[in-house]
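For reference, the structure is listed below as structure tokens.
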Amino acid sequence: MTEISMTVNGTTVNATVPDNTLLVEFLREHLRLTGTHVGCDTSQCGACVVHVNGKAMKSCTMLAASAEGAEVTTIEGLANGDLHPMQAAFRENHGLQCGFCTPGMIMSATDMVARYQAAGKELTEQAIRHELEGNICRCTGYHNIVRAIQDGAAKMAAR
Amino acid sequence: MTEHGIGARVLRKEDKRFITGKGRYTDDIRNEKQTYAAFVRSPHAHAKVKGIDKSEAEGMDGVIAVLDGKQLTGDGIGNLICGWAVSSKDGSGMNMGAWSALATDKVRYVGDAVAMVIAGTQAEARAAAEAVAVDYEELPAVVHAVDALETGAPQVHENAPGNLIFDWGLGDEAATDKALAGAAHVTELEIHNNRLSPNPMEPRSAIATYDEAEDHYTLYTTSQNPHVARLVLSAFYQVAPEHKLRVIAPDVGGGFGSKIYIYPEEVACLWASMKTKRSVKWTSSRSEAFLTDAHGRDHVTTARIGFDADNRIVGLKVDTIANLGAYMSLFSSAVPTYLYATLLSGQYDIANIYGNVRAVYTNTVPVDAYRGAGRPEACFLVERIMETAARELGVDPAELRRKNFIKSFPHQTPVIMTYDAGDFAGNLDQALAAADYKGFPARRAEAAKRGKLRGIGLASYIEACGIAPSAAVGSLGAGVGLWESAEVRVNPVGTIEVLTGSHSHGQGHETTFAQVVAERFGLPIDNIQIVHGDTDKVQFGMGTYGSRSGPVGLSAIVKALDKVEAKVKKIAAHVLEVSEDDLVIEDGQVKVAGTDRAMAWHEVGLAAYTAHNLPAGMEPGLKEGAFYDPANFTFPAGTYVCEVEIDPDTGETQIVQFVASDDFGTIINPMIVEGQVHGGIAQGIGQAMLENVVYGDDGQLLSASYMDYTMPRADNVPSFAIHHHSTKSPSNPLGLKGCGEAGAIGTPPAVMNAITDAIGNNDLQMPATPPRVWAAIHAASAKIAAE
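Residue numbers (UniProt numbering), protein chains in the order written: chain A, 1 to 159; chain B, 1 to 787.
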């Protein structure tokens, strides 16, 4: 067993967990933050993406113990109050259908936009499609996800 | 059209929970003292089970029980069923082998479950499952359907000699042979319709809970049709009686057909919950999903189409071998027969058609309906052979199609279907104009200057949705009726709950169904709640598949709304002392036409429930139900245009343009309909260019993860141009046709026609991966050089 301590969505959490507990298991089963999903077992689908110290990470591919002392943000903690602009953009552009990949998509999208905006780079459609290589959606054909991220990027820039 | 009514792009009511991480999928649920199941699965494609040693596993940490197939069958749990009986040409029935939820004496595919472990945690259950020692005697395996029909092939089931399940035919073979013999030109084609894994992003999951005090079972499951699950689990598998079993399908993360079926794991978890008196939860890993979720397609087909001297089709003859895998899944027999050969006429006026289908057992995962289910296979065949024929005849593929289109309705095809409405040329024209078809030669020449091969391909698809009517499908062997039910409950304050037997797992029913109600009575959409997915709330339903929720599910709601409206008018007429005929319902008011007198909608609701002043003899309350059984299938149709550019040095294909013109009849919410088409096109591109289930000759599944099975990703697909050109279906009250599968049906032939056009070689099978395309380019070059 391992003692771990981290900040999740702004709240400090301490727990003793089996050594091999994955971060996604810790979030889902110990903290019951079930918005972070598991869609595969090979780190391919991106349904489990959360932010660890501000960077998008696949929570199925890191141990909870590896997040010791980290600031973790999940889909439940993304917005301050109402909706994050990217969440609103996904709804307004019909960027989701069954909703299962959506939390990971939104967490990847906000990270992507933040990186491009910090670097002063233009986030083109081509760039968005390339950046989404770690997130699989089976419902939308990506068309409206791309539109949502373009719209979300504009909304984030205007904040 | 009202702001939130039919035709409005209303944002989805269900989205808020999904974008904030508050969706409630089956694996998100955890009961008190939850236990977890793990399955012991066969590592062999074909083997005798000589013994199971459970002793080590039983002694491991947290293990509550280790259960096997002999215990399951010993408790009287029935074998899994196939819900559609298809007879062979000689009148004999299906040669169907037994399928126990846990195998007893033989395993028939890699992943076949032989035992299950119940333990306190998922990790404990999985560890103990590894420790169950099964003594197998390996047998030779067969994985391809064509090989399974060879003399001396391994026998998958003893009661299916030669692995043949049925040899079925549809149409007039003699007349078709005669027509082809007299044809001025005959085009032949061999098609491999590649095997696919559906891959909804949410893996399957089930939580079964037995309540000993009430002798009652609750099953949460990832189902597209919870009522069908309850019926089958009760009536056929005898796991629990129907009135003592509640099945709930909460938020479900996509289905695409793969969540229609009642799988062994659901049966086993329910049974195990009774055995252990505990709540038993199982969630599939992605690897397990590849190994056990029903696959789709897997046809090998040869076809011949004949034309007269004026290029009119005179006959089409098709011979298909369909791989059904190791066991007959719930609707597996219907997919390559009544959902396939009945669509072989495509959009064309063809007097003579004959389709022969042999369904075959192999040592692979069961094959059943996957988005489109039989119709993509038919469309692919018809549209590939039409394009091939146009090339052979030296005519424009668009014009060969146009010449042979069915132009008047109703139209009776020689393969059962009566097409009721459509404007095929209208969709073709719209698609060609949107794609600038006339400008293609210039674009091809420009691409050639850059060293790229540019091609264009068409597909004019037709499909059939809302499988119906029940009496007709019953006469063809269906074990169920294919109607839908609805109940409309108007509360005393005027808000409305609509209970539907349809199930939404991404389709947006909570929004589109509410739009129809909002428009009907002029109410705010927020006053309407759609309830689905719980057998304790909704009395019965047939669920969602085959694009049936619009044409069938919504029609049931409309029928119930008709009854509500009739009662509302009776109450209002009585209170206002006017004739019912003078009343109109709009803007949330029941108005006396031509006056300023009215009752507010909520006043009528209150009057119905207070019952102080109702017409003589009227029952209190305002709640109406309806069952709707369609008069006919609906026939969505359209034309898709795909344009590609290929790098001849690498064989890499880029889709540079994709245009769709669809006829879905009435459209409730264009935003949601376009989303359905986008997703279907992406899955169609996946089939055409990326996806392929691959088995080794020993029956090992080689494509069992996202490392090996190529799912379409964002940079594999383009943005799509979606257009509508609609004719209303005359078969249901709103004129709906259904839109869920068209994209997956029309896309593969459009893509393959474009690629083969670009490379000048028609000898190419799906998926058209870069190595295959490169080889086909160079084979074509070699052929030209040799000539």
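Beta carbons: idealized from backbone N, C-alpha and C, even for Gly.
Original post:
Relative to the alpha-carbon of S88 (chain B), which residue among B:W282, B:Q34, B:R358 and B:A133 has its alpha-carbon at the smallest distance?
Top reply: B:R358
**OP:** State the Cα-Cα distance for the pair G5 (chain B) and P615 (chain B), rounded to the nearest angstrom.
**Re:** 31 angstroms
**OP:** Can you tell me the Cβ-Cβ gap for E76 (chain A) and G35 (chain A), rounded? I've got them flagged as a contact below 8 angstroms.
**Re:** 5 angstroms
Original post:
Can you name the residues that DSSP bridges to H295 (chain B)?
Top reply: B:V367
**OP:** Taking N613 (chain B) as the reference, give the member of B:H574, B:A600, B:D647 and B:F627 with the closest Cα.
**Re:** B:H574
**OP:** Take every Cβ of the region 352-368 of chain B, pair it with every Cβ of the region 396-404 of chain B, and state whether three or more of those distances are shorter than 8 angstroms.
**Re:** no
Original post:
Got a sec? Which residues, its chain only, sit under 8 angstroms from S108 (chain A) by beta carbon, not counting five neighbours each side?
Top reply: G46, V49, A56, E131, L132, G134 and N135
Original post:
Does DSSP put L701 (chain B) in a helix, in a strand, or in coil?
Top reply: strand
Subject >> Neighbour flag for R41 (chain B) against chain A, beta carbons, 9 angstroms >> reply: no
Original post:
Checking contacts by CB at 9 angstroms: is A373 (chain B) closer than that to chain A?
Top reply: no
**OP:** Would you mind sorting D662 (chain B) into buried or exposed? The rule is 16 or more other CB atoms within 10 Å of its CB.
**Re:** buried
Original post:
Between L83 (chain A) and chain B, is there a C-beta pair that is closer than 9 angstroms?
Top reply: yes
**OP:** Would you tell me roughly how many angstroms separate the C-alpha atoms of residue 798 (chain B) and A459 (chain B), rounded to the nearest one?
**Re:** What the structure shows of chain B is the stretch from 1 to 787, and residue 798 (chain B) is not part of that stretch, so it cannot be assessed.
Original post:
On the premise that E624 (chain B) lies in contact with V584 (chain B), defined as a C-beta separation below 8 angstroms, what is that separation, rounded to the nearest angstrom?
Top reply: Wrong, their Cβ atoms sit about 19 angstroms apart, outside the cutoff.
Original post:
Contact check, H725 (chain B) vs D423 (chain B) under 8 angstroms by CB: the rounded distance?
Top reply: 7 angstroms
Original post:
Hey, would you say G477 (chain B) sits closer than 9 angstroms to G543 (chain B), going by beta carbons?
Top reply: no
**OP:** Give a yes or no on whether the minimum CB-CB distance between A88 (chain A) and chain B is below 9 angstroms.
**Re:** yes
**OP:** Please name the residue or residues paired with Q126 (chain A) in a DSSP beta bridge.
**Re:** Beta-bridge pairing links Q126 (chain A) to no other residue.
Original post:
Between E202 (chain B) and chain A, is there a C-beta pair that is closer than 9 angstroms?
Top reply: yes
Subject >> Delimiting residues of the alpha helix (DSSP H) encompassing D562 (chain B) >> reply: S555 to L576
Subject >> Neighbour-count burial assignment, D15 (chain B), 16 or more Cβ in a 10 Å radius >> reply: buried
Subject >> Beta carbon of I145 (chain A) nearer than 9 angstroms to that of M112 (chain A) >> reply: no
**OP:** Would you kindly report the start and end of the unbroken beta strand (DSSP E) that includes Y327 (chain B)?
**Re:** Counting along the chain, Y327 (chain B) falls outside any beta strand (DSSP E), and DSSP gives it neither H nor E.
Subject >> Proximal residues to A38 (chain B) (C-beta, below 8 angstroms), its chain only, five neighbours per side dropped >> reply: M116, V117, A119, Q122, A125, R126, A128, A129 and W282
Original post:
Would you say the region 15-24 of chain B touches the region 25-45 of chain A, given that touching needs at least three Cβ pairs under 8 angstroms?
Top reply: yes
Subject >> Per-residue DSSP class, three states only, for W774 (chain B) >> reply: helix
Subject >> Residue nearest to P641 (chain B) in terms of C-alpha spacing, selected from B:E387, B:E463, B:V480 and B:R489 >> reply: The question names Pro, but residue 641 (chain B) in the sequence shown is Val. Closest option to V641 (chain B), Cα to Cα, is B:E387.
Original post:
From B:G254, B:V247, B:G506 and B:E392, pick the residue whose C-alpha is nearest to that of K537 (chain B); which is it?
Top reply: B:V247
**OP:** To the nearest angstrom, report how far apart E173 (chain B) and A179 (chain B) are at their CA atoms.
**Re:** 10 angstroms
**OP:** With DSSP collapsed to three states, give me the class of C642 (chain B).
**Re:** strand
Original post:
Going by beta carbon distance, what residues of the same chain come within less than 7 angstroms of E212 (chain B), once the five residues before and after it are set aside?
Top reply: K277
**OP:** Would you list the one or two residues that DSSP bridges to V49 (chain A)?
**Re:** A:K58
Original post:
Looking at V52 (chain A) and A65 (chain A), is the spacing between their C-beta atoms short of 9 angstroms?
Top reply: no
**OP:** Throw me the rounded Cβ distance for the Q683 (chain B) and G743 (chain B) pair, which I believe falls under 8 angstroms.
**Re:** 7 angstroms
Original post:
Measuring CB to CB, does A98 (chain B) end up less than 9 angstroms from G479 (chain B)?
Top reply: no
Original post:
Residues in the region 1-29 of chain B with C-beta within 9 angstroms of chain A's C-beta atoms, listed in sequence order?
Top reply: R9, L11, R12, E14, D15, K16, R17, F18, I19, T20, G21, K22, G23, R24, Y25, D27, D28 and I29
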